[in-house]
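Take a look at the structure below.
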Amino acid sequence: MLLNELKIGETGKIVKVEGNGPLRQHFLDMGLIPECEITLVKYAPLGDPIEFRIHGYELTLRVDEAKLIEIEKAEEKKEKENKEKTNRNARHPGFGEDGIYHELQEVKNEPLEGKITFALAGNQNSGKTTLFNQLTGSNQHVGNFPGVTVEHKRGTIIGHEDCEVIDLPGIYSLSPYSDEELVSRKYILNEKPSAIINIVDATNIERNLYLTMQLLELDVPMVLALNMMDEVQGNGGSILINKMEEMLQIPVIPISAAKNEGVQELIEHAIHIARYQERPGRKDFCDKNDHGGALHRCLHTIMHMIEDHSQASGIPIRFAASKIVENDHLIIEDLNIHEKEMTAIEAVIEQMEEERKLDRSAAIADMRYIFINDLCSKTVIKPEVSKERLRSEKIDQILTGKYTAIPIFVLVMMSIFYLTFNVIGAFFQNILEELIGSLAQRCEILLTSMNVNDALKSLVCDGIFSGVGSVLSFVPIIVILFFFLSLLEDSGYMTRIAFMMDKLLRKIGLSGRSIVPLLVGFGCSVPAIMSTRTLPSKRDRKMTIMLIPFMSCSAKMPIYYFFVQTFFKEISWLIIGALYFLGIISAIIVALISKRTVFKGEAVPFVMELPNYRMPAAKNVLQLMWDKAKDFLQRAFTIIFMGTVIIWILEHFDFRLNMVEPTQSMLALMASLIAPIFKPLGFGDWRMSTALLSGFLAKESVVSTLTVLFGSTDILRASMTTAECFSFLSFCLLYTPCVAAVAAVR
Ligand code: GDP
Ligand code: MG
């Protein structure tokens, strides 16, 4: 039968994994391999996607994706017995103490001089951000990897000025199918960090070690940071660190990033292996005796065959061999293997497939999981119950329950918007506006007393202060909104939202994860655009960004309100409702068109991990708020500052550069030139087009410009019909977003 035919609570054993290319590799990387048991946990409230449990963690799959996996009914699951029932506390072998690992090292290399760089690698939700913040404090900066828009952070380790950490994206594997994974492995292969710090979620250790297996093959000095040990120990579980070090032949350090335990030890070990370039003692994880050793022989044959290519291209040999078996074209190209050799290699792989009775990718994934299962059965004493898992299940009964999920989601989002845009954010925004206002006043008094030229005075007071000031007042809103969003993200609720909304958004070619940025767009496009950073694929990110401006942001509200008061007093709610609706409909139409043209292809597969709910770490949240505020100021300020100055000049000068009244300015002239274009739409008045032009700076200023130019609402009322007014409002909704949003899009 197929995976989607399981009933809730039933368990099946995987027989075959169909699909091709990235999707299939992703299945295998997430642990969906033949012979593995999988349980259907629940359906999303809308019936798609489905939540499964596999390898002791929660995974989501769409129904269509589940159809690609063939299973057979498994007999009643027997709980595996723990080998050792005694719960030994995991020790924290200190640096240089009796850690077996250090006895195993025979030769010590010459210490590496100069600067040390660490690559921090790990799965999503393994605590990477938390550890990174512990390591670096606030001395860090964000950038993109050259050539691609995948964010990375760099920072120096506190107390070790010569040690730099670079935060690689959260990844599950080193396959070449996503930007993040490609960037990570390119970084390690080409930039050659001195060492890797691999962070692993010890509560979900099987899945996390899958990446570890691949990192080890890269033959770069590496330490394993076993994170979340507080939870493991709190539930009575334990991990035999020394045994694990012995089997993996790298230092293993139990830590709790959130509680800052073991982090100093981690730093010492990491610096030690980086200085002395102690490479992993073991890269070979294929078992000679496993299924007749078919894969073992295949891999080692290929390793012999490509030894010269590996040396010439600098690609670690074991990594190269397994990537060749996985049919990774990029690596095969980089290795520069001749056609004849490739034919021979192909024959070797085909023989292995026949003997192993699995295809190449599945065989490699299977080998990794066999080793991991062996390692875990010898070193991990799993807690009987996990309090966190039970708690998560309870919370999920309500938060993703069939009937409660959607109402709660609506409630949560509404309260966030209400608090951000109406209460807390608005409170700080008012304070800031007053502050800027009084500063502007003082500045004006000062400039007057100094007898400064009128033009300069107006530039500073009317132009820069009001323009930049109005943008500055965005900052509290952004910071508060990101405070809430990072709570949603860190707690694990964000992935549930994606899980619930996926079916709806899929219809327009996006995945469930896009819902939050789109909703934030009703408040303000700028933070909405910035929040798309949580989306996993570049295509989804761009498409979402393009749709955000169609959501009526709160700055459009004053325009709607102003006109509705003047023209449609009795049916104001209907008109405003219609405008919001029009925006959403337009977004859907644009999405449907671009799905077939600019953004061809499917949204990312929805093979996603649902982590346990966790208490967000305060440090993460604060760090993110600070980062976002800084980011916004830096990126938007330059463009907005220039925009303000340009608009001010246009508004106050004529073409002979005499200072004039706004009605005779360059802006008014330009507006009267473009006004005829708007005639067919019903608002060919130059004052209307002036308002639209100034609306580019900030949507609210459409209203202020109109009041200045018309003088009274009666005149306005007399100058257009209700139909023309609705046309103007629709145009305000659909035309270019404001300069701050454009800057953010860029
Ligand atoms: P990332 O996705 O890898 O960057 O993971 P984060 O650093 O965002 O952490 C994910 C969640 O795990 C957050 O809610 C953290 O507060 C939590 N967390 C991180 N480290 C620990 C830890 O050592 N113990 C516990 N109990 N929770 C942790
Ligand atoms: Mg993170």
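Everything in the sequence shown is counted per our numbering, starting at 1 for the first residue and increasing by one.
In this text, a Cβ means the ideal position worked out from N, Cα and C, and glycines have one as well.
- In this structure, DSSP gives Phe-27 a helical state, which the three-state scheme calls helix.
- Contact between Val-220 and His-269 is ruled out by a C-beta separation of about 15 Å, above the 8 Å threshold.
- Beta-bridge annotation (DSSP): Thr-156 is paired with Glu-164.
- DSSP places Asn-373 in no beta strand (DSSP E) but in the uninterrupted alpha helix (DSSP H) bounded by 360-379.
- Between the C-alpha atoms of Asp-29 and Thr-722 there is a straight-line separation of about 59 Å.
- The ligand GDP never approaches Ile-14 closely enough for any of its heavy atoms to be under 8 Å from the residue's Cβ.
- In the three-state reduction of the DSSP assignment, Gln-277 falls in the coil class.
- One thing to note: Gly-12 has its Cβ no nearer than 9 Å to the Cβ of Glu-35.
- When the beta-carbon positions are compared, Phe-563 and Cys-725 come within less than 9 Å of each other.
- Taking the Cα of Asn-242 as reference, the smallest distance to any Cα among Gln-351, Leu-226, Asn-125, Ala-257 is reached at Leu-226.
- In the structure shown, the three-state DSSP call for Glu-70 is strand.
- Remark: the C-beta of Thr-129 is in contact range of the ligand GDP, defined as less than 8 Å to any heavy atom.
- Linking Val-703 to Phe-728 through their CA atoms gives a straight-line distance of about 12 Å.
- In this structure, the straight-line span from the alpha carbon of Ile-196 to that of Val-598 is close to 38 Å.
- Leu-446 sits away from Gly-509, with the two beta carbons spaced by 9 Å or more.
- Ranked by how close their Cα comes to the Cα of Gly-155, the residues Lys-115, Thr-566, Leu-174 have Lys-115 in first place.
- Within the stretch 295-328, the runs of alpha helix (DSSP H) that reach at least 4 residues and sit entirely inside it are, in chain order, 307-313, 317-325.
- Contact between Ser-531 and Leu-485 holds, with the beta-carbon distance rounding to 6 Å and staying under 8 Å.
- Under the three-state reduction of DSSP output, Tyr-57 falls in the strand class.
- In this structure Ile-464 is in contact with Thr-644, their Cβ atoms being roughly 6 Å apart against a cut-off of 8 Å.
- Secondary structure at Leu-518: helix, using DSSP grouped into helix, strand and coil.
- Per DSSP, reduced to three states, the secondary structure at Gln-124 is coil, with no helix or strand assignment.
- His-141 is bridged by DSSP to Arg-154.
- In the structure shown, Leu-32 adopts coil according to DSSP, grouped into three states.
- Under DSSP, Thr-117 forms a beta bridge with Glu-164.
- Partner residues in the beta bridge of Ile-197, as assigned by DSSP, are Leu-120, Val-223.
- Counting along the chain, no alpha helix (DSSP H) covers Gly-601, and no H or E run does either.
- A Cβ-Cβ distance of about 7 Å is found for the pair Val-526 and Ile-478, placing them in contact under the 8 Å criterion.
- For Ser-730, the Cβ stays outside the 8 Å cut-off from all heavy atoms of the ligand GDP.
- For a cut-off of 8 Å, the C-beta gap from Ile-71 to Leu-3 is around 5 Å, short enough to register as a contact.
- Annotation for Phe-550: Gly-583, Ser-586, Ala-587 place their beta carbon closer than 6 Å to its own, counting only its chain and skipping 5 residues before and after.
- The criterion of a C-beta distance shorter than 9 Å is satisfied by Ala-257 and Gly-127.
- When Leu-266, Glu-231, Asp-462 are compared, the shortest CA-CA separation from Val-385 is found for Glu-231.
- Put simply, of Pro-558, Ile-529, Ser-552 the residue whose alpha carbon is nearest the alpha carbon of Thr-544 is Ile-529.
- Remark: the shortest separation between the CB of Asp-490 and any heavy atom of the ligand GDP falls under 8 Å.
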